[in-house]
Structure formats: structure tokens, C-alpha cells
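Notes follow once the structure below has been shown.
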Amino acid sequence: MTFSHSPNRRTVLAALAATATLGGTGLAAAQGAAPSVVRIGYQKSSTLTALLKVQGTLEKQLAPLGVQPVWHEFTSGLPLLEALNLDNLDFSADVADTVPVFAQAAGARVTFVAQEAPSPTAQAILVRADSPLKTVAELKGKKVGFAKAAGAHYLLIAALEKAGLSFRDIEPAYLTPADGRAAFERGAIDAWVVWDPFLAAARQQSGARVLADGTGLASYQRYYLASTRFAQARPDVLRTLYAELEKAGRWTKAYPREAAALLAPVWGLDAAVIEQANGRRSYSVRPVVPEGLAEQQRIADAFFAEKLIPRRVDALAVPLFKPGA
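For what it's worth, my numbering labels the leading residue of the sequence shown as 9, then goes sequentially.
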């Protein structure tokens with residue numbers, strides 16, 4: 009593990025340069041990559057993966073295996089897993105628990121590599137500071153923005169059900185986090201369901217109010233996945249990825265201020281916002297076991313009941329990687 013107790017300016021600047029360079033390469037350039045490359049997809053909320061990227065940890069730890077990481081950033085989890093299913097990626101950084109359900113429904117051949125322990129307060133239903141809305145029940149007939157298939161999607165369904173409503177009682181607006189923030193601030197949507205670090209930024213920068221978070225509704229577990237092809241071909245690479253993610257999780261919780269300082273220039277957010285967001289995430293990386301997939305099945309059943317996926321899915325049908333094997 010290469011994490012130090014204080015941010016390294018040179019490392020941060022190098023990571024920023026690498027991110028800028030990647031923006032022009034696209035996924036197509038990686039499609040013909042040799043087996044010595046692991047193509048990693050991540051999103052802004054992929055905290056541990058972002059820290060590994062900033063520090064150059066994987067480049068060092070994978071070198072003895074003759075493998076180098078290639079990085080690709082996505083706006084949300086669903087397009088990330090679509091790229092994984094299309095063999096444009098080998099490994100997916102953490103996505104919300106809802107995303108694999110949509111991938112399963114689409115017939116994706118993916119394998120669970122790891123899971124983060126629940127972080128229910130790291131996503132919430134927001135309204136503007138001047139909104140007259142005080143309860144979830146008042147969302148009936150209102151326009152609500154969120155990213156399709158995100159953990160926010162299930163949180164909204166669960167919150168509506170608890171309030172005696174259904175998904176059909178609101179007007180959904182499928183928006184990326186960036187588009188959702190813009191629509192929220194100009195009043196184009198009545199409520200916005202989003203996750204950290206976007207949640208922390210909206211609360212601190214615009215004074216957004218929380219109608220409900222995931223407490224008692226949606227545990228918000230995040231999953232790391234690989235294409236089943238890659239999981240079968242390179243379990244050694246996945247073992248290294250798992251070990252480094254686990255270390256990064258422990259370091260982030262032990263040194264929250266240092267982690268936030270490293271991420272601030274990469275994410276373009278204040279370190280204080282990031283530290284607040286990180287405080288709501290568990291970052292406890294652990295193996296995925298069948299007994300831990302009960303909520304996955306509840307999510308799948310809820311989405312099928314609302315006709316948001318075309319068929320029933322069995323959460324236990326996804327292969328599980330065993331990091332200790």
C-alpha cells in the first residue's frame with residue numbers, strides 16, 4: 009500500500025494529467041488491448057478506486073504480474089456495467105447495489121468481486137431550501153430527478169412505498185448527477201435523489217434539505233464486479249485488486265482528512281465536502297457471500313413489480329469471486 013499520511017502534490021498532479029489524457033482516448037482504443045492490461049471503469053463516487061489511481065498503487069502492485077491498469081471514467085453505474093458486458097472493460101469499480109440487477113436483467117455475464125458494507129445515509133431524497141415539501145408523501149404528482157438504475161432509484165421506490173405511494177405516483181426524470189444538480193438548482197425538478205459526494209456538495213453549497221435518506225429503507229451496499237471472462241482468465245489480478253481496495257478502505261477511514269485532500273483536486277470539490285461525504289460511507293471492503301444478497305433480491309423484486317426490468321432475476325445466479333481461493 010503506498011498511501012502516506014499526507015497528500016503528495018506531485019502524485020495528485022500526475023493523476024490529474026493522466027485523467028485529462030484519458031479523456032481523449034475513449035474505450036475503442038482499449039478494446040484491442042493485450043491481456044497484460046486490465047481495463048478499469050469507475051465513476052466519481054468510486055472513492056477507493058480514485059485513491060488507488062491518484063497514488064499509482066495499482067501500477068506498482070500489478071507490475072509483478074505483467075499487468076498495467078487502463079482507466080475509464082463514467083457518469084454513473086449503469087453505462088459502466090453496460091461497457092463491462094460489452095467487453096469494453098475488465099473490472100468495474102464500485103457501483104450501487106441496484107446496478108447489477110439491471111445488468112442481470114439484460115443478460116450480462118458479470119461476476120461479483122467484492123462488496124462494501126452498508127452506507128444507508130450516503131444517499132438521500134433532497135428538496136431545495138425554499139421548497140414547501142416536508143414529507144415524502146407530498147411527492148405525489150411531483151417531478152423527481154435521479155439516475156436510472158442507481159441506488160437512488162431504489163431508495164425512491166422504497167421511500168414512496170413506505171409513504172403509501174408507488175413509483176407511478178411521481179413523474180420520474182432520469183438525469184446524470186451533473187444534469188440533476190443543474191435541474192435541481194433551477195427548479196426544473198421538485199426533488200432530487202442522489203448519493204455522495206453529490207449529496208454532500210448539494211447540502212453544503214445550496215442548502216438542500218433531506219426528505220429521507222436510506223435509513224430503514226435502503227442499505228446502499230456497493231459492489232465491485234468483473235466480466236466473467238476476465239474473472240476466469242485472471243483471478244490473480246482480481247486478488248491484487250481486492251487486497252488493495254481493502255487496504256484503501258481501512259486507510260480512508262483512519263485518515264479522513266488526508267483522503268479528502270487527495271481527492272479534492274481530482275473531483276473538483278472542497279476537501280470539507282469530501283470529508284463529510286466519506287464520513288457516511290463504510291468503505292469496508294469484504295467478499296460477497298450468498299447470505300449477503302438478500303437485499304439484492306428485494307431490489308430485483310421491487311424493480312420487476314414496477315415493470316422497470318423485463319424479467320425476474322435471481323440475485324444468487326451471479327458468480328461470486330473468492331479472494332482467498
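By construction, the Cβ of each residue, glycine as well, lies at the ideal position given by its N, Cα and C atoms.
query = Which value, in whole angstroms, describes the spacing of the CA atoms of A239 and A125?
reply = 22 Å
task = Spatial neighbours of A333 within its chain, please: CB distance less than 8 Å, with the 5 preceding and 5 following residues excluded, ordered by chain position.
result = P243
query = Can you list the alpha helix (DSSP H) stretches of 4 or more residues lying completely in the stretch 254-330, in chain order?
reply = 264-275, 279-288, 302-313
ask   = If we count the other Cβ atoms within 10 Å of its Cβ and call it buried at 16 or more, is A41 buried or exposed?
value = Caution is warranted here: a pLDDT of 43 is assigned to A41, below 50, making its placement in the model unreliable, and the coordinate value is therefore given only provisionally. Answer is exposed; the Cβ neighbour count stays below 16.
inquiry  = Using CA atoms only, rank isn't needed, just tell me which of V75, L163, A114 is closest to L92.
reply    = A114
request  = Using beta-carbon positions only, say whether S100 and L233 come within less than 8 Å of one another.
outcome  = yes
G188 versus D204 - alpha carbon distance = 13 Å
Beta-carbon proximity list for A279, same chain, < 7 Å, skipping 5 on both sides = A268, A269, A272
query = If you scan the stretch 113-188 from start to end, which runs of the alpha helix (DSSP H) of 4 or more residues do you find wholly inside it?
reply = 159-170
ask   = Just the Cα atoms here: how many angstroms apart are W275 and K52?
value = 7 Å
query = Any chance the stretch 103-114 sits against the stretch 185-199, with 3 or more Cβ pairs inside 8 Å?
reply = no
message = Quick check on the burial criterion: 16 or more other C-beta atoms within 10 angstroms. Buried or exposed for L324?
response = exposed
task = Since I believe L66 is in contact with E252 (beta carbons under 8 Å), could you give me their beta-carbon distance rounded to a whole number of angstroms?
result = 6 Å
message = Among I178, E179, D95, D198, whose alpha-carbon lies nearest the alpha-carbon of S139?
response = D198
key: Euclidean distance between Cα positions of K148 and L249   = 44 Å
key: Residues near K330 in its chain [Cβ-Cβ closer than 8 Å; skip 5 each side]   = P295
message = Is the separation between the beta-carbon of I317 and that of F110 shorter than 8 Å?
response = yes
key: Top-ranked residue by Cα proximity to T143, from S214, L183, L168   = L168
task = For S100, write down the residues that DSSP places opposite it in a beta bridge.
result = G49, L233
task = Kindly confirm or deny that the stretch 69-85 and the stretch 277-292 touch, where touching means at least three C-beta pairs closer than 8 Å.
result = no
ask   = So what does A210 bridge to, in DSSP terms?
value = Looking at the DSSP assignment, A210 forms no beta bridge with any residue, so it has no partner.
Best match in A285, V152, L94, A158 for proximity to R136 [C-alpha to C-alpha] = V152
Alpha carbon of S292 to alpha carbon of W259, nearest angstrom = 10 Å
query = In three-state DSSP terms, what is P108?
reply = helix
message = Here's the rule I'm using: 16 or more other beta-carbon atoms within 10 Å means buried, otherwise exposed. How should Q213 be labelled?
response = exposed
key: Exposure label - R319; buried when at least 16 CB within 10 Å   = exposed
Delimiting residues of the alpha helix (DSSP H) encompassing L70 = 65-70
task = Just the C-alpha distance for V118 and H161, rounded to the nearest angstrom, thanks.
result = 21 Å
query = Where does L246 sit, in a helix, a strand or coil, going by DSSP?
reply = helix
ask   = Does S44 come within less than 8 Å of chain C when only Cβ atoms are used?
value = In the displayed structure, chain C is absent; only one protein chain is listed.
request  = Look at I133 and A220 and say whether their C-beta atoms are less than 8 Å apart.
outcome  = yes
inquiry  = Bridge partners for P77 per DSSP, in chain order?
reply    = V46
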